[in-house]
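Participant: Before we start, here is the structure in question, set down as structure tokens.
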Amino acid sequence: MTSRRQFIKKGLLSGFSTLSLTNLSKSAHFDELRDATSDEELFALIRNQLHIPKERLYLNTGSLGPSPMVVTDAVHAMMQQLEKNPAIENWGDLGTKMEKVRTKVGELINTDPEDVILTRNTTEGLSLISQSLKLNKGDEILTTTHEHGGGEVGLEYMAATQGAVIKKLQIPVPATSKEAVIEAVVNNITPKTKVVMLSHVNTLTGLRMPFDEISKITKPKGILLIADGAQAAGLISVDVKSMGVDAYAASGHKWMLGPKETGFVYWSKELQQKINPVFTSSGFGSYSASSGTRNVAVISGLGVAIDWLNLIGKEKIESRCLEIRSYCLSRLKELKGIVIISPQVDSLSTGIVSFTLKEGENRVIAGELAKEDIIVKVLPKYNGIRISCHMFVSKLDIDRFIKSFSQLV
Ligand SMILES: Cc1ncc(COP(=O)(O)O)c(C=O)c1O
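Mapping of the sequence shown onto the working numbering: residues 6 to 414, in sequence order.
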């Protein structure tokens, strides 16, 4: 193992061409993770494969995730390959590579590649879904007061263009049981409800929405169930079949650690029969192929990110994120000046912990933390702060954050 690492270092210094360097570092980085003898070693190696400087504590994957070196190296190499013979590469070797990413996404979320299109981000995916649906005047769209603007814009478009009405329910803060969350949804469904749109993992609190149970209520009523998966893909397992959703949109550049401006959207086969095609030709084919010229390097980079995540393993990533979040939660509970707004029961929890400040301003505190190279996300709605515990964050990192933060509240 050590000699392989030395070999990587030597290779990096001795000036291989970019492409061979990428192939070398890709397999070397993958091998390095494969060779880890314990989870602690594995997660330390993962941290080392990021571009984030050693002294920076990055707790904001929920906004944008840091791509590992294998991903950025691959994107650079593919960009150079493309420019050597653009038309041939774009519809040849690189184009073929790009098309395979739909298959990888399909495997990741348990569906066929034909049900997936590759987008630029969640907002685009949710907007495409909204534009494709046919509603009547007065039909109700049920959502929550905790959705991200990226999901809301599509709903607002449906309301404005088709005369639909948006209803927003309040989710308990913090949510204390699955039953309470499901009840909040069920109590707001009326005979006019035609669409329910919810975040799979909530952007403010990290709440994991119990879609499996909710779809059992919406499906028999013929209500379309749409999931905003921006904060879920890469953090928790996504199985669109067991969730029972009709459509699902997510970003590649958050918890999946993919290149920026990547994402995907899923429509169930049933829904594909009923939607208005948004693009110019008719039928779902107009969505599903990566038709038109795309950024092959960036999209293929998402495929590399998926390979890298698969090597580590979905279950391992999810349980590591939960472990770090639990530790963060327990340390935060020692502090007096805050109120936790994230759920504390395991069944509703993910790798996100958020809290509000009893005194002081979140922006000022986040600014002070940034001076110490600790990066967090402010939640303006709650005078709150969100901590994203991705797998590369350690318990020692959390201790560092708590030490600095406790001096500010
Ligand atoms: C729940 C949710 N939906 C949508 C978005 C928008 O994501 P993107 O900018 O990738 O479209 C975000 C971004 O933070 C989010 O948290």
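From the three backbone atoms N, C-alpha and C, an ideal C-beta is built for every residue, glycine too. Treat the numbers as computed from the prediction; the structure is a model and nothing was measured.
Helix or strand or just coil, what does DSSP make of Thr224?
Facilitator: The residue given as residue 224 occupies position 219 in the sequence shown. Correcting the residue type first, residue 224 is Lys in the shown sequence and not Thr. Correct three-state label for Lys224: helix.
Participant: Less than 7 Å between C-beta atoms, sequence neighbours within five positions excluded: which residues of the same chain meet that for Asn90?
Facilitator: Taking the first residue of the sequence shown as 1, we reach residue 90 at position 85. Answer for Asn90: no residue qualifies.
Participant: Any idea what DSSP makes of Arg213, helix, strand or coil?
Facilitator: Locating residue 213 in the sequence shown gives position 208, counting from the first residue. Three-state result, Arg213: strand.
Participant: Straight-line CA distance for Tyr63 to Gln278?
Facilitator: In the sequence shown, residue 63 corresponds to position 58, counting from 1. In the sequence shown, residue 278 corresponds to position 273, counting from 1. Straight-line Cα distance between these residues: approximately 43 Å.
Participant: Could you tell me the boundaries of the alpha helix (DSSP H) in which Ile329 lies?
Facilitator: Here the question's residue 329 lines up with position 324 in the sequence shown. Note, Ile329: alpha helix (DSSP H), 319 to 337.
Participant: Grab the span of the alpha helix (DSSP H) containing Ala235 for me, first residue to last.
Facilitator: In the sequence shown, the residue the question calls residue 235 occupies position 230. Premise fails: Ala235 is in no alpha helix (DSSP H) and is neither H nor E.
Participant: So for Phe397, helix, strand or coil by DSSP?
Facilitator: Against the sequence shown, residue 397 aligns to sequence position 392. It is coil, neither helix nor strand.
Participant: On the CB-based measure, 16 or more other CB atoms within 10 Å of its CB, does Trp96 come out buried or exposed?
Facilitator: Within the sequence shown, numbered from 1, the residue matching residue 96 stands at position 91. By the neighbour-count rule (16 or more Cβ atoms within 10 Å), Trp96 is not buried but exposed.
Participant: Can Val358 and Gly234 be called in contact, C-beta distance under 8 Å?
Facilitator: Residue mapping note: residue 358 aligns to position 353 of the sequence shown, counting from 1. Residue mapping note: residue 234 aligns to position 229 of the sequence shown, counting from 1. No.
Participant: With DSSP as the reference, identify every bridge partner of Val121, one or two as the case may be.
Facilitator: What you label residue 121 is simply residue 116 of the sequence shown in a count that begins at 1. DSSP output for Val121 lists Tyr271 as bridge partner(s).
Participant: In the DSSP assignment, find the unbroken alpha helix (DSSP H) run with Ser247 in it and report its ends.
Facilitator: The residue you call residue 247 lines up with position 242 of the sequence shown. First-last of the alpha helix (DSSP H) with Ser247: 245 to 248.
Participant: With H, G and I counted as helix, E and B as strand and the rest as coil, what does DSSP make of Arg61?
Facilitator: Here residue 61 is taken as the residue at index 56 of the sequence shown, counted from 1. Coil.
Participant: For ligand 1, is there a heavy atom less than 7 Å away from the beta-carbon of Ala235?
Facilitator: As a first step, residue 235 is located in the sequence shown; it is residue number 230 there, counting from the start. Correct: Ala235 has its Cβ closer than 7 Å to ligand 1.
Participant: Give the straight-line distance between the Cα atoms of Pro324 and Leu362, rounded to the nearest whole angstrom.
Facilitator: Position 319 of the sequence shown holds residue 324. Position 357 of the sequence shown holds residue 362. According to the sequence as given, residue 324 is Ser; it is not Pro. Going by the C-alpha atoms only, they are around 28 Å apart.
Participant: In whole angstroms, what is the alpha-carbon distance linking Ile274 and Asp120?
Facilitator: Against the sequence shown, residue 274 aligns to sequence position 269. Against the sequence shown, residue 120 aligns to sequence position 115. Rather than Ile, the amino acid found at residue 274 in this sequence is Lys. Rounded to the nearest angstrom, the two C-alpha atoms are 7 Å apart.
Participant: What residue range does the beta strand (DSSP E) around Ser204 cover?
Facilitator: Counting from one through the sequence shown, the residue named residue 204 turns up at place 199. Ser204 -> beta strand (DSSP E) spans 198 to 204.
Participant: At 3 residues or longer, what runs of the beta strand (DSSP E) sit wholly inside the segment 142 to 203?
Facilitator: If we require 3 residues or more, the beta strand (DSSP E) runs fully inside the segment 142 to 203 come out as 145 to 149, 170 to 174.
Participant: Cβ of His153 within 7 Å of any heavy atom in ligand 1?
Facilitator: Reading the sequence shown from its first residue, position 148 is the one you call residue 153. Yes, ligand 1 has a heavy atom inside 7 Å of this Cβ.
Participant: Within 10 angstroms of its Cβ, does Thr181 collect 16 or more other Cβ (buried), or is it exposed?
Facilitator: As a working note, residue 181 is residue 176 in the sequence shown. Exposed, by the Cβ-count rule.
Participant: Can you confirm whether the segment 310 to 326 touches the segment 106 to 123 when touching is taken to mean that 3 or more C-beta pairs between the two stretches lie within less than 8 Å?
Facilitator: Yes: the two stretches touch, three or more of their Cβ pairs being nearer than 8 Å.
Participant: Tell me which same chain residues have a C-beta within less than 6 Å of the C-beta of Val178, skipping the five on either side of it?
Facilitator: Sequence index remark: in the sequence shown, residue 178 carries index 173 (1-based). Contacts found: Ile346.
Participant: Specify the secondary structure class of Thr355 as computed by DSSP and reduced to three states.
Facilitator: Taking the first residue of the sequence shown as 1, we reach residue 355 at position 350. Coil, per DSSP.
Participant: Is DSSP giving Val414 helix, strand or coil here?
Facilitator: The sequence position of residue 414 within the sequence shown is 409, counting from 1. Correct three-state label for Val414: coil.
Participant: State the start and end residues of the unbroken alpha helix (DSSP H) segment that holds Leu133.
Facilitator: Taking the sequence shown and counting its residues from 1, the one referred to as residue 133 is at position 128. That run of the alpha helix (DSSP H) goes 127 to 137.
Participant: Given this structure, state the Cα-to-Cα distance separating Val243 from Arg213, to the nearest angstrom.
Facilitator: As a working mapping, residue 243 is identified with position 238 in the sequence shown. As a working mapping, residue 213 is identified with position 208 in the sequence shown. Their Cα atoms are separated by approximately 11 Å.
Participant: Report yes if the C-beta distance between Gly130 and Lys259 is below 8 Å; otherwise report no.
Facilitator: The residue labelled residue 130 in the question sits at position 125 within the sequence shown. The residue labelled residue 259 in the question sits at position 254 within the sequence shown. No, the pair does not count as a contact, with Cβ atoms beyond the cut-off.
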